[in-house]
Amino acid sequence: MADNDRDGIPDDTDVDDDNDGILDSVEGEDTDTDGDGIVDKFDLDSDGDGCFDVDEAGFTDGDGDGLLGSGTPEVTATGGVKGHTYTTPQDADGNGTADYLEKGSSVTIVNYNNYF
Numbered sequence: 004m005a006d007n008d009r010d011g012i013p014d015d016t017d018v019d020d021d022n023d024g025i026l027d028s029v030e031g032e033d034t035d036t037d038g039d040g041i042v043d044k045f046d047l048d049s050d051g052d053g054c055f056d057v058d059e060a061g062f063t064d065g066d067g068d069g070l071l072g073s074g075t076p077e078v079t080a081t082g083g084v085k086g087h088t089y090t091t092p093q094d095a096d097g098n099g100t101a102d103y104l105e106k107g108s109s110v111t112i113v114n115y116n117n118y119f
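Under this note's numbering, residues 4 to 119 are what the sequence shown spells out, in order.
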């Protein structure tokens with residue numbers, strides 16, 4: 004049986020197939036937001052902006068590997084990360100789309116050479 008996150012819980016019963024702290028039921032069964040061929044429930048960067056979903060969702064990734072917490076996550080019998088309260092992912096701009104599903108604004112470079 005397939006086990007995307009290799010946590011010992013088969014994907015068909017695992018509630019968080021990539022251990023990013025976002026439930027698969029929230030990420031969608033077949034949704035591929037960035038069109039990279041990896042469905043969001045397996046993709047650690049669903050919108051393809053170079054920022055991990057776990058961070059954009061407002062959760063903690065202590066070692067910067069895209070997985071919830073630090074080190075290899077310890078999981079429950081259903082594949083949820085132990086000690087994590089599964090909540091609604093962050094929508095900091097309040098536009099109705101979770102931050103892990105939308106790219107931010109482009110960076111604008113301002114030339115200050117004329118001022119110094």
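A virtual CB, placed ideally from N, CA and C, is assigned to each residue, including glycine. Owing to the predicted nature of the structure, the values given are computational and were not obtained by experimental measurement.
- For the pair F45 and D21, the CB atoms are nearer than the 8 Å cut-off.
- Under the DSSP definition of a beta bridge, V78 partners with V84.
- In its chain, beyond the 5 residues on either side, S49, D50, G51 have a beta carbon closer than 7 Å to the beta carbon of D37.
- Assigned with DSSP and collapsed to three states, Y89 falls in coil, not helix or strand.
- Each of T100, E105, D33, L47 was checked against the Cα of G24, and the nearest Cα belongs to L47.
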